[in-house]
Amino acid sequence: MQERNQELVNKYYARGVTASEKGEVELAIEDYTEVIKLDPDFAQAYYQRGLAYAKKGEIKLAIVDYTKAIEIKPDYADAYYNRGGAFLRLGEREKAKSDIATARKMGLDVIIASDRILRDYDRAWKTLGNK
Numbered sequence: 231m232q233e234r235n236q237e238l239v240n241k242y243y244a245r246g247v248t249a250s251e252k253g254e255v256e257l258a259i260e261d262y263t264e265v266i267k268l269d270p271d272f273a274q275a276y277y278q279r280g281l282a283y284a285k286k287g288e289i290k291l292a293i294v295d296y297t298k299a300i301e302i303k304p305d306y307a308d309a310y311y312n313r314g315g316a317f318l319r320l321g322e323r324e325k326a327k328s329d330i331a332t333a334r335k336m337g338l339d340v341i342i343a344s345d346r347i348l349r350d351y352d353r354a355w356k357t358l359g360n361k
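Quick note: to get our numbering, add 230 to the position in the sequence shown (first position is 1).
This is how it looks when you write it as C-alpha cells:
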C-alpha cells in the first residue's frame with residue numbers, strides 16, 4: 231500500500247475508534263467504511279464496523295462484517311465471539327454456540343469477552359435513548 235494511503239487508513243481508523251468510543255456510531259461506520267475502501271484486507275476495520283453496526287442494532291450487517299473479518303483473518307477469536315453474540319440475538323443458537331466454541335478454542339477468555347459484549351450492548355442501548 232502506498233504511504234499516502236496508509237496515512238489515510240490510519241487517520242480514518244483512529245477517527246472511527248474515537249467516534250465509536252464517544253457513541254457517534256454513524257460517524258464510526260462512515261470512517262470504517264473509508265478504511266475498507268482504501269484497504270479491503272484490513273480485518274480489524276470490518277470487525278470494528280461490525281461492532282458499530284451491532285451497537286446500532288443492525289445485527290445482520292454486523293454478522294456480514296464479522297464474517298468478512300474472519301475470512302481475512304481466520305484466527306480472529308474476537309470476531310468469532312461477537313458474531314456468536316450476534317447470532318444469539320437473532321435466535322440462531324446453533325450458529326452462536328459454534329462461533330463461541332471456536333473463539334474459546336482459540337483461547338479467548340469467554341468471561342472477559344462476555345463482560346465486554348454486555349458493556350457494549352449497554353452502551354448501545356443508552357445511545358439509542360434508553361435508560
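Heads up, the beta-carbon is just placed ideally off N, CA and C, and yes, glycines get one too.
Predicted, not measured: the structure shown is a model, and the values here were computed from it.
Within the model, the alpha-carbon separation for Leu320 versus Gln278 is close to 20 angstroms. Look at Gln232 here: in three-state DSSP terms it is coil, with no helix or strand label. Within the same chain, Cβ atoms closer than 8 angstroms to the Cβ of Asn235 are found at Leu268, Asp269, the five residues on either side in sequence being excluded.
Residue state for Phe272 is assigned as coil, using DSSP reduced to three classes.
Here Asp308 is buried, its C-beta having at least 16 other C-beta atoms within 10 Å. For a cut-off of 8 angstroms, the C-beta gap from Ile293 to Phe317 is around 7 angstroms, short enough to register as a contact.
Here DSSP, grouped into helix, strand and coil, assigns Asp261 to helix.
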